[in-house]
Each structure stands twice: as C-alpha cells, then as structure tokens.
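Asker: Residue numbers (the working numbering): 784 to 953. We put the beta carbon where it would ideally sit given N, CA and C, even for glycine. It should be emphasised that the depicted structure is a prediction, and the values quoted were computed from it without experimental measurement. Dumping the structure here so I can ask a few things about it.
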Amino acid sequence: MNSPSSVRVLSRAVARALSTAAPTPSTFPLKTVTRSNFEPVLESLRDHVRSADFVAVDLEMTGVTSAPWRESFEFDRHDVRYLKVKDSAEKFAVVQFGVCPFRWDSEKLSFTAHPHNFYVFPRQELSVRGSSSEFLCQTSSIDFLARYQFDFNLCIREGIYYLSFLSSFP
Numbered sequence: 784m785n786s787p788s789s790v791r792v793l794s795r796a797v798a799r800a801l802s803t804a805a806p807t808p809s810t811f812p813l814k815t816v817t818r819s820n821f822e823p824v825l826e827s828l829r830d831h832v833r834s835a836d837f838v839a840v841d842l843e844m845t846g847v848t849s850a851p852w853r854e855s856f857e858f859d860r861h862d863v864r865y866l867k868v869k870d871s872a873e874k875f876a877v878v879q880f881g882v883c884p885f886r887w888d889s890e891k892l893s894f895t896a897h898p899h900n901f902y903v904f905p906r907q908e909l910s911v912r913g914s915s916s917e918f919l920c921q922t923s924s925i926d927f928l929a930r931y932q933f934d935f936n937l938c939i940r941e942g943i944y945y946l947s948f949l950s951s952f953p
C-alpha cells in the first residue's frame with residue numbers, strides 16, 4: 784500500500800469520511816488477544832490488515848518519560864527527541880499492543896473497524912542469558928491503566944511472550 788495510487792485512494796477515503804455527515808463507523812467487538820487465542824486470531828487479523836484502507840496502532844506501556852529532563856519539547860532537534868524517546872522505550876515495558884484495521888464501506892458511507900488488543904508481557908525465554916527481564920514502572924502510567932480497567936492479571940498470566948532485540952540473540 785505504499786504506491787502513490789494507494790495513497791490517493793486512502794486520501795480520498797479519509798476526505799469522504801471527513802466531508803460527509805456519515806453515521807457512526809461500524810465497529811466489530813474489541814477482540815482481546817492472549818497466548819491462548821493468538822494463533823487463530825492472527826490469521827483473521829492478517830486478512831483485515833491486507834484489505835484495510837488504513838491501520839491504527841497503539842501501545843500501552845508501564846511508563847512514558849523516564850526522567851523530567853527527558854520530556855520531548857517542541858523545539859528539540861530531531862536527534863535529541865529521538866534519544867529521549869529511545870531512552871523511555873528501552874526502560875519501560877509494552878503491556879498491550881493495539882491494532883485496528885479500518886476499511887471504508889461505500890454503502891454505509893462510514894469506516895468499518897476491527898479492533899484488536901494484544902496483551903503482551905516480557906518473559907525470559909532463553910536460559911542462555913540467565914537473568915530475568917527488568918523494566919521500570921511509572922506510578923502515573925500504572926494508575927492510568929488501572930483507572931481504565933487494564934487487566935494486569937490477564938497481562939501477566941496470559942500475555943503473549945516477547946523478547947527484547949538483544950535477548951533474541953543467543
């Protein structure tokens with residue numbers, strides 16, 4: 784979908800949606816994905832992504848900014864902003880990965896959404912490294928997740944395993 788024609792199609796679809804007094808988009812029920820249903824859900828998600836006009840992605844993490852001086856500011860140079868965000872991404876854990884493919888329905892004049900939430904949790908899967916995974920938690924982020932009914936038990940007990948880039952090399 785990187786060709787100029789696909790970008791034009793996407794632009795037209797978004798323009799139609801924004802310029803039309805369209806009804807609320809059709810949304811299928813939110814699909815919660817864990818280790819127990821990962822394989823069957825993945826194949827249907829692939830089909831939805833392949834036919835999507837666009838895909839939204841969202842992460843829930845155990846923190847946002849690892850220190851006050853690492854907050855991004857409007858006038859930061861791009862290389863400085865990258866280093867600040869990189870530091871936070873390395874120190875906090877991703878606990879949920881959201882993927883939502885959208886497809887324009889020309890009959891309903893609205894988008895159809897297929898939202899998926901993947902509960903993920905870092906695991907020490909390789910015995911070569913020896914130590915278990917560590918990550919920081921920011922109290923405001925954990926409070927935010929709890930306030931919006933994030934299921935910490937489901938995340939920890941049934942979260943899909945993932946390894947850091949470095950851990951994936953024996």
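Run the CB neighbour count on P884, radius 10 Å, all protein chains shown included, and call it buried at 16 or more, exposed below.
Answerer: Indexing the sequence shown from 1 puts residue 884 at position 101. Classification for P884: buried.
Asker: Need the endpoints of the beta strand (DSSP E) that T927 sits in, please.
Answerer: Your numbering for residue 927 matches position 144 in the sequence shown. Per the sequence shown, residue 927 should be read as Phe rather than Thr. Unbroken run through F927 is the alpha helix (DSSP H), 922-930; no beta strand (DSSP E).
Asker: What runs of the alpha helix (DSSP H), each 4 residues or longer, lie entirely inside the segment 849-913?
Answerer: With a minimum length of 4 residues, the continuous alpha helix (DSSP H) runs that stay inside the segment 849-913 are 861-874.
Asker: What number of angstroms, rounded off, separates the C-alpha of F821 from the C-alpha of E941?
Answerer: Here the question's residue 821 lines up with position 38 in the sequence shown. Here the question's residue 941 lines up with position 158 in the sequence shown. Their backbone Cα atoms lie some 10 Å apart in a straight line.
Asker: So, helix, strand or coil for L842, using DSSP?
Answerer: Counting from one through the sequence shown, the residue named residue 842 turns up at place 59. Residue state, collapsed to three classes: strand.
Asker: Using beta-carbon positions only, say whether N900 and T845 come within less than 7 Å of one another.
Answerer: Counting from one through the sequence shown, the residue named residue 900 turns up at place 117. Counting from one through the sequence shown, the residue named residue 845 turns up at place 62. Cβ atoms of N900 and T845: not closer than 7 Å.
Asker: I'd like the list of long-range same chain contacts for R818, defined as Cβ closer than 8 Å, with 5 residues on each side in sequence excluded.
Answerer: Counting from 1 along the sequence shown, the entry for residue 818 is found at position 35. Only E941, G942, I943, Y944 meet the Cβ criterion.
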